[in-house]
Structure formats: structure tokens, C-alpha cells
Amino acid sequence: MNRSAAEHAVKVLRHVTIPMRDGVRLSAHLTMPVAEGRFPAILEYTPYHKGDYTEPPARFRYFAERGYVIVNVDVRGTGDSEGVTTDVYSDDERRDGYEAIEWIARQSWCDGNVGMFGISYCGVVCWHVAAQAPPHLKAIIVRSGTDDIYTEWTYPGGCPRPYMYENYAPPNPELVGERWSEMWRQRLEGNVPWGIGFISHQTDGPYWRARSLRPDYGRVKCPVFVIDGWADWYATPLLRAFANLNVPKRALIGPWSHMWPDDAIPGPKLDGNRECLKWFDQWLKGIDTGVLREPPVTIFVREYFQPTIMFVEDKGHFRAENEWPIARTREESLSLREGAFEYRPDAGIAAGRHGGGPFPPWGMPLDQRADEIHSLVTTTGPLAEDWEITGNPLAELRVSSTADITLFTVKLSDVAPDGTSNLITKGYLNATHRESHAEPAPLEPGKVYELNVELLACSYRVAKGHRLRVAIAGADLQHCWPTPKPCINTIHAGSRMILPVVPSQAPKLPEPDLRPSPYPLPRREQVAAPEYSVTHDLVRETTTVRYDTRCGAGINRSEFTISRREPARTTCKASYEYRKPMSGMDVVVNTQCVTSSDEKAFHHLVDAAIIVNGRPYFQKSWNISVPRAFC
Amino acid sequence: MNLSQPTYKVRVIRHVTIPMRDGARLSAHLILPDAPGKFPAIFEYTPYHKGLYPEPWPRHRFFAECGYAIAHVDIRGTGDSEGFTNTFADPQQIADGVETVEWIARQPWCDGNVGMTGISYVGFVCYQVAMHQPKPLKAIIVYQCMTDHYTSWLCPGGSPRPFPFEQTAPLMTAYNAVPPNPEFVGENWSAMWRERLEQCEPWGLALISNLLDGPFWRERSLPPDFDRIRCATFWIGGWSDAYSDDFLRAFAAMKCPKKVLIGPWAHSYAKDALPLPRVDDERECLRWFDQWVKGKDTGIKDEPPVTLFVQEFCPPDIIRLEDRGRFQSENEWPPARAKETVLPFDLSGTLSYEPSVGVAAGRYVIGQLPPIWGMPLDQRLDEPHSLVFTTEPLKEDMEVIGHPHAVLQVSSTADIAYFSVKLCDVAPDGTSALVTKGGRNATHRESHTNPTPLEPGKVYELTIGLQALAYAFKAGHRVRVMIANADFQNAWPTPKPCVNTLHPGSRLFLPIAPPQRPELPAPDLIVLSQPPPRREQIPPPEYAITRDLVRETTTVSYSIRAGAGINHSRFTVSSKKPAQAVIDSSYEYNATRAGAAVSVKAHCVTSSDEKAFHHLADVEIAVNGKPHFQKSWIVSVPRQCC
């Protein structure tokens, strides 16, 4: 196998400006080899402030030592770039990405081959740029970047995701200026908090399609490597994108939460840079790294693990596959118990913040029995042999509700002989979205509807003697904003769960060509913990989830409160405090968001206050109310 | 019926002093029929400051109108009485009470016959005085309290109950530091106050120092020598309060004239109590005192002595405004026709000890969140960490009346473990309502005075009494038994992580009562027919349970108005380190004395670690906002199998 070796010393060129079509200049730091000549380049495009570094981040150094120029660019209106940002994934931002690729290809230090990588927001922008097929973009690596912003990020199953308002809205990173200048003033006047865009687009449509790759996968012309983790949000969309792309492609799904494999927990960690280098060397440098001869899919097959709020290493193993979904999969149908259950908006306390909220992953799912008491539960007998469930289970439900709007959550669990119920995977569907996320339609109370709920992708070996359990409920409060109406929901006869059961490979594929990460796993006590609690106010019958954490450059605090008696009334209070001393100034940005709902509407209030050297410098509030659109 | 009628006008004489043998003077308010002559007297004896509300209180007025002289007396060291008080249910107060009965009988307005009555603390002082058999004391009516302070109050089953440290300790620490009222005691008030502040000790200190049974508790409790009570005794309690089980055992053991009435009620007089239905208990009390103190033939002697409310399934809710069921007479307790029946399954299995089990247990049978907040919730909330056994749906109704008990064959990987047994009624929709419960610290399997550690792995037989009940399971419902190793709102967690096993042969015995044959007449009660109040009309406490998912702790917190002030408490248990539990509680009492605003704040921290219990008490007094007095006490005692 050939791969670039670490042969260069590395330097950082700071604040190189990239002119855009309208004169706005984006700011870039370049991490590059100390050597003459032209090199392939890799763009990382961020709204999170590339920062002030003079020493390159380890991942950038790794590639620069191996003959790449890493171009780390602030999105327009953020960090040190000019202009304003008025919306998440704006038209300007997407176009800027294309122009940045082409600008990079023209530079004297670039050989004309450009790649792009990034995690999370910086992963999604890879899709945005690749979908425009800039001529010089030769490959991308998407780590935790969804192909569908609506279904996987902002409105899972058709209900607003509380996280967007607990964590994502208040940081308003676009508001945070780092320079005492006109540029900052312009930004303060012109930027708009992104939460306003989220709450204003409750149904799918052009707004979300413009920001999502799905369903036009054919727009991507360059080779794609997707990386995700089962403890993250986006294994499902990345495997879906993988299955739909018609370009050279590779998928690596580990046990990880929302971090690069080199540093991710739960482990085992991998040398992810090596895998990325294999991809870029192949497609940017034209080296035959062998990656094209490897099976293109590598997944971590999980096993039973005593549920706990945070663990540093998962149980299971990596396995290679030739395709996704796996061709040899057999469908096992499990008929589901019929019966009625009360919609309890407080269901979901054991669901964890699994999937992208917390990283490190304080908030893994807990023993599901805490939520099963509010669910309609079907449990199999002990399995006579191991079953590996790999793929997307599908619940084909026949449902009715006493209300015209309700959510169905479906959880699949592994029940150990001691009774512990460990979450394997889950799915949600707001039943008013049964036919379309773009044009939801109310339910006719009492009428029976067929509802297909696709569960998130998983790969999990259920051991012989364990039992499988399906729990259906009406809420999952840490993931879906509660629907507004109290109701009794019924699962009717004929409902079933279709499980993708994957038999052993025959013949067996070779072990995946992977290496462990050079960084050891931390001990549990070394992993910085948030404040995370669930309070049941037994008199008011409310449940409040509190989560306070250091996040990015500041501290995020959130309080999400739902009401059992009046499920329409939900409130999310969140704040973010960003403090940064710079050039003799102490700048504190405090933002607060109050997002609430009643029977009729959602309300989103944002307040931003900036204090410079202890004195008020800027204050602005935004307030928006939008009718509830079937969620 | 031959019953006194409320025909007298009433007069009040405030602050009459009663000299004790050692010179201390107790303060009494007298509520008397405004007429010449001698009257039978009713003595009410309180640590809760008789002067908190102006006399005549409605109950006192009623009995005075019916021809009784009421003496409402502050216990030594409290209210407007002299001296100081250092321990809960103190022997000094009992001796004072006996002297007071004799003093009352000698007064010109008294005909020499005395009755005693009261609720809660004011209730148990009745039998404490009666145990000494003062001659003039002819009858007592005891409401809603325990006869055994150790097993029914401080350490049921041998594990400390949080309640005395959440509420009693800070509340009484504050109460006992409040100055007497100069309006009554005159200029001497500040000297009396100074003596109190210098001499009195927070009651929590003696509580934490007596976590095992022994002489301290025996001289304060009625059991085991019930024969000491010779006067006519009427017990009134409620299933939603803590003490019906204790009452009924006392009732069964006593040989004096006796009667018992158990309604659905929480910790209040039956006329005002929730859940409904209420009864006119003043009439019942009048009949008792007329019979035994006035010497009228009221017919009460000829009635079946036991009146019970037979409960039925009620959907669990944090507040219960109305109970379902009916009042029923019985000739004896427990009913002779009730047959102990073994539930048809073997209770066996293995369970990891989770200290936070009991989130759904409510403040049940505590009366802590008055009037009726804090009832048990759907018991399924606690099932994940319990062993659960459920019968098939019942084919016909089944009444259970008596004291159920479990005989368990247990072993533990630790040398100390607690076993909680809960009996539930499972409705056809799956809802699981708590019917009754019991628990026992296995190291107390043979004795509460000399507990002995378990030998890990060894199988012991452990008998656990469940609280008495009269409950009708309906056909189609199922009976469920839940066994766990904690019930944290009711029992301090045992200190050691462990895995516990119930071995085959573990069984639950239910006293199943067939219908009465012949049926006794319906009880002669005036059941007050009134619609239940609306939920919104019942002042709510603050009451929350918080799970800290990172630290793996569970905290139950509440704030309530109780008596003269506000009681706050936070009780935290740890899933990872069960030895570490802590109650942080406080009480604030504000009063006006001689035109000055007096604020008394008591703060108690009761905590445990592997080796010891610790109790810190602090009193801070401000007068007109300025610091006036501050004192702290701290005591640590070994855990001693608690």
C-alpha cells in the first residue's frame, strides 16, 4: 500500500483573504508544507470560528506534513470573514464555498487538485459545495454531515428537535465578533439569529431542500468518503447517501459520538487520519493507496452493554462489507401487541441525548424500563441463537389516536436476562406527516391509519438468551418537541416490526484495514462532565431536563420543560456565554433564547448582549411567533 | 340519643399558670362554659404553641358549649410555659402532664373528671399521661399518632425515616427557640426566653443518638406494656396517614374500654380531612367523652367497637381528594373471619440494590405535605429496580382486612441490606396503585436493640409486617407484590452496594376476609356529604424529584407551610455511594413580641457516610432584622447497622 509519508515541516499562514463575487472577503488560515512547489489542497469551511491559532491543529498538521495545504476558512459573517450571516446554510454561504474551491485551485501553492473535509456543520457544507460540482473539487470526506437537514437535524419525524433551541440557537456564533471594527458593527446590525429560520420552517419544502443533498444525489460528481458513529446523529443519513451516490465511495461507521475517529468516544478509536489520507492520496494525488480494492463499507457491530450515562469504550468489533444495505439481509417480522396507551409527554427520560448533542457523550441512553412504563411494549421470548440486526428496522403500524395530531416513537431494545433493557435503535414519526413532511394532514380521531416508521440504522448483535423488545410511545422529550394535545393512542392488530437480520458472511471478508488511534482512550473520570438532570415537579406535573455544558468557546445552559397536563405548553430556556479576551479587551457575549409553545403557536425570543471591558456595548432582541404547523 | 347539646355560652380565661412540683409554671388557656358550676374537663397538651391562633378554637368552643371545661396547656419550655425542652416526647413533659391532670381536677370549675384529646404530638401525650393512670383521667381520644416512637416513627423496620430529620428536627428546633408572649407572661418574657436559648437543645441531637431501640424509646412509648392504659381509649386514624397500623395493634392489645375509627384520611381531624368522605368526628368524640367523662349512657358501649373505611382502587395521583369505599363495622380487630392466605407464587429472584427506588412511594402515610399532596404515584415507576410478582386477574372481589406479612428467605452479598415489600392493585389498564407496604433492615431481623450484621451469602428468614389495611380488590384486577432494597422517601438507604437474593420459600400472607355473616349494622356515623374540593383549591407545596444523571444522585425536595412557618427540605441519595445520603432542611418561624419582629431560623443537616451519621443543627435569631442569637450543635454517631 502506498501513502504519503510525513516529510515536510509545517507553517501557518494566517488571515489570507479570499475575495468573493460581491467584494466580501473571507478569511483563511493556511497550514502548509515548508517547501517549494505546488500541492493538493483541502478546504475546511466553518462557521465556528477557525480561531487564532499559530500552531496548526493536529489533524491539519498531519496532512500538511504529508504534502497538503489545509485551507481553513470562516463562513461569511463569522470569525474573521467579512459580511453578515442571516440564515443557516445561506445561499451566499453555499456559493462562497464553490468560489473558495476555485480560488484555491488557482493559487501558486496549489496543484489544482482540491479536496474538502469537515465534521458536523463543516461536513454538511461539503455536500453543499460538492453538489455544485466545482471543476477542481476532486474528493470529499464527510464526517457527521447529514444529507437532509430537515429530517435528521431540525425536525426528526416531523417535530422540532429541542436541541436546536437548547444548544444551537443561543450560541449565535455568527454574532460573535472578535475584532473591534466596523466589520463587527456591520455584523451586529446585520446578522440574524438562526433559530428564527429553524422555527419559521416547520414543514419540509424549498427552504430545507436548498440546504439538503437529498434527494438529488446525482449532483455530487466527486468521490465521497462518509464517516459516522452509532452514538452520533448521522449514521442513517450518511449510509443513505452512501447507498444513493453514483461516485466512488466509502463508508466507515464506528461506535463514536460526534467527533473524529482519532479522538472519539465511545471507543475503540481509530487512526482516522490514516483512513482520510488513503482517500485523499488516492483521489487528489493519484497514488494507488489500495483503498479502491478494499470492501467499501466498514461498520462497527455492537453488542449488549449495561446502559450507563457515559462510557468510554463500546463492546463490539469492526467488520467489512461489500455494500450497504447488506445484500444477504433476511427480513424477520415481529408482530406487535395491539393495545392503547396514554400519550405521556414526559416519555423519553431514559432516551439519552444520544446522537450528537453531547460530545463527549454524557447522555447515552439509560435502562429503557424507565420509559417502557409509558409505552406499549412487545417482548419476544429468549432468542434461541444470536441475531445480528444490521440496517434500518421498519415498524409497519396500524394506528389511531383520539387527537388529530400525535407522534409515534418506536424503540427497539435488547433485554438482558436480568431484565435490563438496552436501546438498540429508535424511530419517530409525527402521524400528521404520514404521507409527507411537506404537506402534513391532521388525523381523523379514531380512524385507523397505516404508519411506516423507519428506525435509525444500527448494527447490533443480540445474544442468544436475550429478548427483543419493541416499545411504542407518544413522546421522546429530549428529541421531539411534544405534540400539543392529550390523547390515547391505539396500536391495532396487524402491526409489525420488520428486522433486518444479517447472517454471517460466507465466504468471510478480510478484516478491515484499520489501525488504532495514536491517542489512548481517557478514563471515565477524565471526561469533563456537564450538569445534566431530570426534575419531576410532582405538583405541577412538569418535567424539566437541564443540561449545562462547556461547548465551543463558552458555556451553554438549557432548561427544557414539558407539561403532562398541558402538553401544548413547552418551554426551552437556553443561554450561551462566550467570553474572549483579545488585544487588551475583554469581550463577553451573552445570548438568551426562550423558545416556547402553546396550543396555537411557537414563540422564539432571542436576546444578545455584548459587554466590552465590563460596559454594555451592544444589545438587540428578536421576537417571533409562528403558528404551529402540525407539530 | 342521650348526648350533650351545645347550649352553653363560652368564656375564655387566658394564661392561667399551673405550678409544677419543681416550681416551673405551665401556661394554660381555659375555655369554659359561661355558667356557674363544675364541669368535666378536657385537657389538650401541646408543644405547638397554644397561642398561635386566638382561642376559642372551633373544636374547643364546641366542647365548651356542650358543657366541658377545656384546658389548653403549653408543654414545658414551649409557648408561654416556663422552662425548656431538650428531647422529643420527653419524660419530664409526661410527669408534668400527670400533675396537670391532677391540678385540673382540683379546680373550682372542674367536677373532678378529666378527658384528654389531641392529634399527632398532641395525641400521643394523651396515652403518655394515661400510662401513669392519674385518677381523674377517665378517657382519652387519640388522633393520628404513633404509640411506638421507634418502630412507627423514627426507624420503621430498623432504618431511619427521613421525615423526622426533614421536618420535625428543624421545625421543633425553631419552635423551641421562640420567645413566650409578653402579652401573657409579662416582663418576665425576656428572662424566660434567655433561659430557653441557653438551655434548650435541638431535638434532632437525641434522635440521631438513638437510632437503635432501647430505654430512651421505651420510656416514651406505649408498647409493649399496653395494660398500663386503664381509662377508656378511642383511637381515630386514617389510611392516608402513617399510624393506623400502629393504632390497630395497640387497640387489639389493650384491655380497657376501647374503640377505633379508621377513615380514608390523612393527618387531620376527620371533619376537615382529605381524602373524602369526612365524618362528624366531633359528635363521635362527644359521645365518647359523654359516656366516659360525663357518665351518660350514649349507647356507644353497645356498638361494634371497630369502624373501618374499606378502600377500593383509586387511580394513583399526587393528590387524592376523594377515596372510594365504604365505612364498615367490625366486632374486633383483626376481624376473626379473616384468614391468612398465602399468595399463590413463590417470591424468588435476584436484585441489585438501587438506593433511589421509591420515587413513586409518595409521602404516603406521613401526612407531610398537608392536606393531601404527596400520595403515591403509579407504582410502575419503581418496578425497573424491583422484583415484581403479579397474580392473574381476580375472578371475584377480594377483601383484605388486617395486617399482611411477608416471610422472606433472603441473602445478601453485603452484611447489611433492607427489604421493602409493596402490595399493589393493578387495574385492567395496567395502572399499579400502592395498597400497603412494609420494610425491614435485615440486620434488625431479630431485634431493634441489638441488630447483627448478615453473613454475606447466608440465607436468613426475614419477617416483614406490612401496614394494616381494609381494602377491596375488584374482580378483574390483579394483585402485585414488589420487592426492592430501598424505599428512599421512607427509609434511609443502607450503606453498602450489594446484590440480594430471595430464595424459594419466600411468601406473602394476606388476611383475606369473606363477607360478614350475619352482616353487622352500618356504623352509627354522620358521614358528611359534600362535593370534593377542586384540586386548584388545595394549596400546593413545592415537591419535586430530581435525578442528577451525571452524579447518579436522586433528590427529593419540598417546601411547605407547616404550623407557624415554612419548612424546606432536600434529601439526596447516591446510587453509586449509597452510604452517602444527606438531608438539608430548614424551618423559619416569624413572630411579633412586644412590638418587635422576631425571626427564628433553624437549619439542620443530617448526613451519613460509611461509618457514621452526623447531625448539625443551627439556630439564628434576628430581632427587627438584626442578629440577636446564633448557636450550632453537631453530633456524630456510629451507623450501628442502620
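First to last, the protein sequences are chains A and B. Take any residue in the first sequence, note its place counting from 1, add 194, and you have its number in my numbering. Take any residue in the second sequence, note its place counting from 1, add 32, and you have its number in my numbering. All residues carry an ideal CB built from backbone N, CA and C; glycine is no exception. These numbers come from a predicted model, not from an experiment.
Inside the stretch 706 to 749 of chain A only - beta strand (DSSP E) runs reaching at least 3 residues: 725 to 731 and 736 to 745
So who's on the other strand from residue 658 of chain B, going by DSSP bridges? B/655
Would you kindly check if the distance between the Cβ of residue 117 of chain B and the Cβ of residue 208 of chain B is under 8 Å? yes
Would you please verify whether the beta carbon of residue 563 of chain A is less than 8 Å from any beta carbon of chain E? Considering every chain present, this structure includes no chain E. Its protein chains are A and B.
Buried or exposed: residue 452 of chain A, going by 16 or more other Cβ atoms within 10 Å of its Cβ? buried
In this structure, what does DSSP give as the bridge partners for residue 341 of chain B? B/359
Contact criterion: CB-CB distance below 8 Å. Does residue 532 of chain A meet it with respect to chain B? no
Within 8 Å of any Cβ in chain B, is that where the Cβ of residue 701 of chain A sits? no
Would you list the residues sitting across from residue 643 of chain A in a DSSP beta bridge? A/593
Is there a Cβ from chain B that is less than 8 Å from the Cβ of residue 541 of chain A? no
Just tell me which of B/84, B/512, B/450 and B/413 has its CA closest to the CA of residue 528 of chain B. B/450
Cut-off 7 Å between Cβ atoms - residues of its own chain near residue 40 of chain B, not counting five sequence neighbours on either side: 65, 66, 67, 96, 97 and 99
What do you reckon, is the C-beta of residue 442 of chain B under 7 Å from a heavy atom of the ligand MG? Inclusion of the ligand MG in the displayed structure is not the case, the ligand content being empty and no account of it being possible.
Residue range of the unbroken alpha helix (DSSP H) whose run includes residue 322 of chain A: 315 to 325
What three-state label does DSSP hand residue 397 of chain B in the structure shown? Because residue 397 of chain B sits at a pLDDT of 45, beneath the cut-off of 50, its placement in the model cannot be relied upon, and the following sentence gives the value as read from the coordinates. Correct three-state label for residue 397 of chain B: coil.
Name the chain B residues that come within less than 8 Å of residue 503 of chain A, Cβ to Cβ? 581, 582 and 584
If you draw a straight line from the C-alpha of residue 186 of chain B to the C-alpha of residue 243 of chain B, how long is it? 8 Å
Go ahead and pull the three-state DSSP assignment for residue 163 of chain B. coil
Helix, strand or coil: how does DSSP classify residue 560 of chain B here? strand
Integer Cβ distance of residue 507 of chain B from residue 429 of chain B, believed to fall under 8 Å: 5 Å
Pull up the distance between the alpha-carbon of residue 468 of chain A and that of residue 802 of chain A, whole angstroms please. 42 Å
Which of helix, strand or coil does DSSP assign to residue 780 of chain A? strand
At what residues does the alpha helix (DSSP H) containing residue 401 of chain A begin and finish? 400 to 403
Which residues DSSP lists as bridging residue 421 of chain B, in chain order: B/513
Restricting to Cα atoms, I'd like to know which of B/426, B/121, B/134 and B/555 is closest to residue 249 of chain B. B/121
Put residue 349 of chain A into one of helix, strand or coil per three-state DSSP. coil
C-alpha distance - residue 652 of chain B paired with residue 229 of chain B, whole-angstrom precision: 11 Å
For residue 592 of chain B and residue 4 of chain B, believed in contact at Cβ under 8 Å, the rounded distance: The requested residue 4 of chain B is not part of the displayed model; chain B covers only 33 to 674.
Between the C-alpha atoms of residue 512 of chain B and residue 412 of chain B, what's the straight-line distance to the nearest angstrom? 11 Å
Would you give the residue range spanned by the beta strand (DSSP E) that residue 497 of chain A belongs to? 491 to 497
Taking its Cβ as the centre, do 16 or more other Cβ atoms sit within 10 Å of residue 421 of chain A, making it buried, or is it exposed? buried
Using C-beta distances below 8 Å, list every residue in its chain close to residue 345 of chain B, excluding the 5 sequence neighbours before and after it, in chain order. 356, 457, 459, 465, 505, 506 and 509
Check for me: the beta strand (DSSP E) holding residue 471 of chain B runs from which residue to which? 464 to 473
Positions along the stretch 729 to 759 of chain A whose CB lies within less than 7 Å of some CB in chain B: 729, 730, 731, 732 and 733
Can you look up residue 521 of chain B in the DSSP assignment and give me helix, strand or coil? coil
Taking 8 Å as the CB-CB cut-off, is residue 826 of chain A touching chain B? It is not possible to answer for residue 826 of chain A, since the shown part of chain A is limited to 195 through 825.
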